[in-house]
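First residue of the sequence shown: 199, per our numbering; consecutive thereafter.
Written out below as structure tokens is the structure these notes cover.
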Amino acid sequence: MLSASLFRRARRGTTLVELLVVLTIFGLIGSVIMRVLIRQQRFYSRAAEITTMHGNTREIAALLPSDLRGLSSGGGDIYAMSDSSIDFRIPTGSSVICKIGIGLVTIPPTTTASRSSVTSWMSAPQLGDSVLIYDEGATTSVTDDGWNRYRVTAALAAGSCPNTTGFTATSAEAAAGYTLTLSASPPATSPAGSVIRFFRHAHYSFYRTSNGDSYLGYYDCPGGTCSSITPVSGPFKPYAASGSGIQFVYYDSTGAVTTIPANVARIDVTVRATTNPVSLGDAARVAYVDSLVFSTALRNRK
């Protein structure tokens, strides 16, 4: 009885063989779990690449139309164009003239106590920018109305916009106006109260970076000095005569393709993007492709 009891107490422990079996099972389970986690990580990484590709193509559809639809081809807003780029005059703000001098115009401040200022801009006008001032013409007929273009020839300066004009309410507001020096004096048919619009030279182009990827790039020319091109979306498929990553096509009012900037009534943009070859799960590695076409009708199109 004593020896049997000791034997039963001894059997309550774990033998080396049992320990090795348990460790082997745990190792197999851990290996399977690690493989599942690694496959999930790869799947999500590749799925994220595909999602980013879709996001890039749709980003262009939200970005470009906001700039293109404000162009007036008949008004000379398009400087140059090709299947991979467009050089244009982008509106940066507007105001109302409260005082006119020789080669000078004064506009109200951007901020007033009533919060109803008529001056607004994305960035303040600089030397080399251009403005359009509304010209009422010599008669009361609308047939001789139009816009006269001027160039800003000096840095923006402080100017007084008198309270009597109705655009400012206090002496502090009146003194906070801005004076623009222009390339010529507006005619008498552009009196105080005329609308003035501000413009700047800008550029979109499809270009290849030093690492070989292709992006849509942008630069503008504040003060007449163009900045270096900056990628705004991408990467996309590389440039090609057909099937390019980003392709501009220009149409006139009849729907025919045109190469004349003054005749452009609509701009179609095709966007094509592709991923590196990826495999989702156990499928073969393939490159996923996404494409999008959108049309933008221009302002004042003929």
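Virtual Cβ for every residue (Gly too), placed ideally from N, Cα, C.
Problem set entry | Outcome for TYR376 when other beta-carbon atoms lying within 10 angstroms are tallied against a minimum of 16 | buried
For this session: Grab me the residues of ILE465's own chain with a C-beta within less than 8 Å of its C-beta, minus the 5 sequence neighbours each way, in chain order.
Result: LEU266, ILE284, PHE446, VAL447, TYR448, TYR449, SER493, THR494 and LEU496
For this session: Output the residue ranges of the beta strand (DSSP E) runs that lie fully inside the stretch 250–289 and measure 3 residues or longer, sorted by chain position.
Result: 276–279
Exercise. How many Å lie between PRO475 and ALA245 at the Cα?
Worked result: 12 Å
Exercise. In chain order, which beta strand (DSSP E) runs of at least 3 residues are fully inside the stretch 419–444?
Worked result: 428–434
For this session: Report the rounded CA-to-CA distance for TRP319 versus SER293, giving the unit in angstroms.
Result: 9 Å
Problem set entry | Alpha-carbon to alpha-carbon, ILE288 and ASN498 | 15 Å
For this session: For CYS424, count neighbouring Cβ atoms within 10 angstroms of its own Cβ and tell me buried if that reaches 16, exposed if not.
Result: exposed
Exercise. Taking C-beta to C-beta, are ARG428 and GLY415 nearer than 9 Å?
Worked result: The amino acid occupying residue 428 in the given sequence is Thr; Arg does not appear at that position. Cβ atoms of THR428 and GLY415: closer than 9 Å.
For this session: Give the DSSP-derived three-state secondary structure of VAL230 in the structure shown.
Result: helix
Exercise. For LEU302 versus SER381, is the C-beta spacing smaller than 9 Å?
Worked result: no
For this session: Would you tell me roughly how many angstroms separate the C-alpha atoms of SER264 and LEU226, rounded to the nearest one?
Result: 57 Å
Problem set entry | Residues that LEU380 bridges to, as DSSP identifies them | VAL350
Problem set entry | the stretch 324–341 in contact with the stretch 392–409 per 3-pair CB rule at 8 Å | yes
Problem set entry | Nearest residue (CA-CA) to LEU490, options PRO459, SER442 and LEU235 | SER442
Exercise. Which same chain residues, not among the five before or five after ALA373, have their C-beta less than 8 Å away from its C-beta?
Worked result: ALA356 and SER358
Problem set entry | Whole-number beta carbon distance between PRO436 and SER412, since they are thought to touch under 8 Å | 5 Å
Exercise. So, are the CB atoms of VAL340 and LEU378 less than 9 Å apart?
Worked result: no
Problem set entry | Terminal residues of the alpha helix (DSSP H) in which SER369 lies | 369–373
Exercise. Looking only at DSSP bridge pairs, what is PHE446 linked to?
Worked result: VAL467
Exercise. ALA260 and VAL469: beta carbons closer than 9 Å?
Worked result: no
Exercise. Is the beta carbon of GLU257 less than 9 Å from the beta carbon of ALA311?
Worked result: no
For this session: Identify which residue in PRO306, VAL220 and ILE231 has its Cα closest to the Cα of SER369.
Result: PRO306
Exercise. Excluding the five sequence neighbours on either side, which residues of its own chain have a C-beta within less than 6 Å of the C-beta of TYR189, listed in chain order?
Worked result: Absent from the model: residue 189. The displayed extent of the chain is 199 to 500, so no value can be given.
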